[in-house]
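Anchor point for the sequence shown: position 28 equals 50 in my numbering, and the numbering is continuous, going up by one each time. By construction, the Cβ of each residue, glycine as well, lies at the ideal position given by its N, Cα and C atoms. Reading through the structure tokens given below for one structure.
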Amino acid sequence: MILGEVVAKVWPDKILPTLQGRRLVLVRPRTEGPDLVAIDPLNVGVGTVVLVATDEAAAAATGEPTADAAVVALVADSTTER
23 MILGEVVAKV WPDKILPTLQ GRRLVLVRPR TEGPDLVAID PLNVGVGTVV
73 LVATDEAAAA ATGEPTADAA VVALVADSTT ER
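Structural data, given as structure tokens:
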């Protein structure tokens, strides 16, 4: 799992039919690593600190086998520094 901050909403021009209607967000990890696009079933806002599940956990959380990142929790307080 990855702790990160939502930095933007993502609006794809084209998307797989199985992902149609899913909200996507750009998450910047609190630790080293590249930004990632995650499915957002919680409808979080920009600036929100979230926990992102990856790989099989993301697929299980969303019910979508092609998902490799998904927001699974909002974090109210985080002391991890970047």
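- The alpha-carbon of V68 is positioned some 5 Å away from that of V29.
- The region 58–95 contains, as complete alpha helix (DSSP H) runs of 4+ residues, the segments 77–84 (chain order).
- Taking all protein chains in view, the Cβ of E27 is crowded by 16 or more other Cβ atoms within 10 Å, so the residue is classified as buried.
- If you look at E27, you'll find it in the beta strand (DSSP E) that goes 24–32.
- With respect to the 8 Å criterion, V74 and V93 are classified as neighbours on the basis of their beta carbons.
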